[in-house]
Amino acid sequence: FMRRYGYLEKGPSQAEALYSEEAVVMAIKSIQRYGALPETGVLDPRTIRLMSSPRCGVVDQMPHEQSMRHRRYVIGSESWRKRKITYFIANWSSKVGEDSVAKFMQRAFNEWAKYSNLKFVRVYDPSADIIVGFGSGHHGDNYPFDGPGNILAHAFYPYEMQSYGGDIHFDEDENWKENSTHLSDGVDFYSVAIHELGHSLGLAHSPVYSSLMFPYYKGITQGTLDYDDILAVYKLYKEYDEPSPATTPEPVPRLPDFVTEPLITQPELPEFTQMPNVCSGGFDAVGVLRGEVFIFKGPYLWRLTEKYRIREGYPVRIWQVFRGFPRDVQRIDAVYEREFDNGVVLYWIFDGLNFLHPEARPITDFGLPNTLEKVDAAMVWSKNQKTYLFAGDQFWRFNDTTGTLDEDYPRSMDRWYGIPTNLDAATSVASGKTYFFKGNYYWLYNNERVRPERGYPRKASNVWLGCRVA
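Here the sequence shown is numbered in my numbering, starting from 563 and rising by one per residue.
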């Protein structure tokens, strides 16, 4: 047990005689600490019972160079180097069924997503980042299960053991149940799943009893993160929100996450005193960013409620929401949220005199012709999750991951039947709806029929902003 869970260094089977008494006492104290028992260093009945209790199969103590302790919680590994994580449910237990496994896994992903700034997407492809599955005994990863009781499940840290990185394995021999309140009735699947997912994100075991990352099974949980868990996942994903340039491609300018409320500052502003009339239409850009609608016109942006009404406190200047955005930019041309990492991309015209931002790059870097003066609109089309750029009577399909245009582009806007050329803005949402804007009109586009819906175009500012324009 002590070697298996990292309390004593591993060695040959006869190596017990080589361990000093001091090392064994320290190991027992560590076991007691991770089991929330008094640290006596004595192998008493409570400690023996603890060691035979149902638990996670991931080690408790890691080599010093592989873990980072921060008072209470423990970071087990590096974080994922991206912000969109896919998962694949390879199989399921007949004891809980496919629908329940999918439901409870989604619930667990949602809980961790609240505090990690990660987006989790279920896919039906075994090349996903995280594979969830059930197995018995030797199941292919050199960490066999032991039958009913003791090891309930295990998971791998991000990028651990190459293709196994992030994967979660449940012991099929356990008596899995939904909402089981007593171990005698069965093992509560969700309580184990949300714990294992913590390992998949890079968290190690915590000695804090209230933590989801406590190594021993405690029965059904409330299913929410403890303060200890929140601190840990914040340390991994929020404090260092930007992935390292060495591991993440930067094909287009990436701006920091926008803030939820405008920054309260009053610096010297560039010359632009007149507030643009947004009710007249002619939006510069429209984007659905982090699930919210933003409308851009001039150096200002409007943030909308779920009912398409302007939020209190808006409009504000673009730089007040997007930290680091050049304050002297008077308008943007297009905006969209990148699919592979949720980065927000903004396009604007270079003024010909100053390089406006150290991360900004000319659009010709990405294969667009040098005769192209501006991008009219941009969006990630929800039909195929591809990025499209529009200019004049042409459009391009762009690969955000490689930073290159797809072959056989540009193509004519005629392919977007019923949609005008020289657009002002475009955006596409996860529900499958796509919108195109020009002047004070917008078109709702049917992704399946590949044409506008009947009854369009309509007045954009009336519907999207609640204006009263005849």
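From the three backbone atoms N, C-alpha and C, an ideal C-beta is built for every residue, glycine too.
Quick caveat, the model's predicted, so the values are computed rather than measured.
Nearest-angstrom Cβ-Cβ length linking residue i and residue j, presumed shorter than 8 Å
i     : j    : result
Y779  : S615 : 7 Å
G709  : D735 : 5 Å
S768  : D790 : 6 Å
V694  : I730 : 5 Å
S641  : Y799 : 6 Å
Y649  : A690 : 5 Å
A1022 : G843 : 5 Å
F999  : I981 : Not really, about 10 Å apart at Cβ, beyond 8 Å.
N984  : T996 : No, N984 and T996 are not in contact; Cβ-Cβ is about 18 Å, not under 8 Å.
T743  : G785 : 13 Å between Cβ atoms; not a contact.
I713  : R617 : 7 Å
First through last residue of the beta strand (DSSP E) which encompasses residue i
i     : result
A988  : 987-990
M941  : 939-943
A1022 : Where A1022 is concerned, there is no enclosing beta strand (DSSP E), although the alpha helix (DSSP H) it sits in stretches over 1022-1027.
T996  : 995-1000
V907  : 906-909
L1006 : 1003-1008
D733  : 730-733
Q956  : 956-961
R684  : 681-684
F696  : 692-697
L951  : 948-953
T983  : That residue, T983, is in no beta strand (DSSP E); it is neither H nor E in DSSP.
V850  : 847-851
Residue span of the alpha helix (DSSP H) that contains residue i, given as start and end
i    : result
V586 : 583-596
L759 : 751-762
G659 : 659-678
V795 : 789-795
T933 : Note, T933: premise wrong, no alpha helix (DSSP H); not H, not E.
V883 : 880-883
L863 : Element bounds for L863: not the alpha helix (DSSP H) but the beta strand (DSSP E), 862-865.
I610 : 607-613
Cα-Cα separation, residue i to residue j
i     : j     : result
V604  : N679  : 43 Å
D622  : Q594  : 11 Å
K665  : E583  : 48 Å
K657  : F732  : 12 Å
G530  : N672  : Absent from the model: residue 530. The displayed extent of the chain is 563 to 1032, so no value can be given.
G886  : W864  : 18 Å
P888  : Y909  : 12 Å
W1026 : W978  : 23 Å
L570  : A715  : 22 Å
F957  : F845  : 19 Å
V937  : A598  : 60 Å
N1024 : G1001 : 13 Å
Y1007 : S655  : 42 Å
P811  : L967  : Reliability fails at P811, whose pLDDT of 35 lies under 50, so the model's placement of it is uncertain and the value that follows must be treated cautiously. Straight-line Cα distance between these residues: approximately 15 Å.
G760  : S990  : 32 Å
I756  : G697  : 18 Å
G766  : C841  : In the sequence under discussion, the amino acid at residue 766 is Ala, which differs from the Gly named in the question. The straight-line gap from Cα to Cα measures roughly 53 Å.
N946  : V685  : 14 Å
M975  : M667  : 42 Å
D747  : V795  : 32 Å
T964  : N904  : 15 Å
D819  : V906  : With a pLDDT of 39 at D819, under the threshold of 50, the modelled position of that residue is not reliable, and the figure given next carries that caveat. The alpha-carbon atoms of D819 and V906 are separated by roughly 7 Å.
G929  : N961  : 11 Å
P1019 : Y1004 : 5 Å
P838  : L951  : 25 Å
D788  : F856  : 33 Å
Y567  : K591  : 13 Å
P861  : W881  : 8 Å
R973  : Y870  : 33 Å
N932  : T949  : 20 Å
V770  : R669  : 23 Å
F858  : D986  : 11 Å
S546  : P607  : Summary: the structure shown does not reach residue 546, with the chain confined to residues 563 through 1032, and so no result is reported for it.
V848  : L866  : 11 Å
P688  : D890  : 47 Å
L561  : F776  : In the structure as shown, the chain starts at 563 and stops at 1032, and residue 561 therefore has no counterpart that could be examined.
H701  : E660  : 20 Å
Residue-level contact to chain D via CB, residue i, 7 Å cutoff
i    : result
D970 : The displayed structure is made up of one protein chain only, and chain D is not part of it.
Checklist entry - Within the chosen definition, does the stretch 934-950 reach the stretch 885-898 through at least 3 CB pairs nearer than 8 Å? => result yes
Checklist entry - Any contact of the stretch 864-878 with the stretch 1012-1024, i.e. 3+ C-beta pairs under 8 Å? => result Too few Cβ pairs lie closer than 8 Å, so no.
Checklist entry - Just checking, does the stretch 702-722 make contact with the stretch 680-687 on the three C-beta pairs under 8 Å criterion? => result no
Next on the checklist: Closer than 8 Å is the cut-off here; do at least three beta carbon pairs connect the stretch 716-724 with the stretch 739-749?
Outcome noted: no
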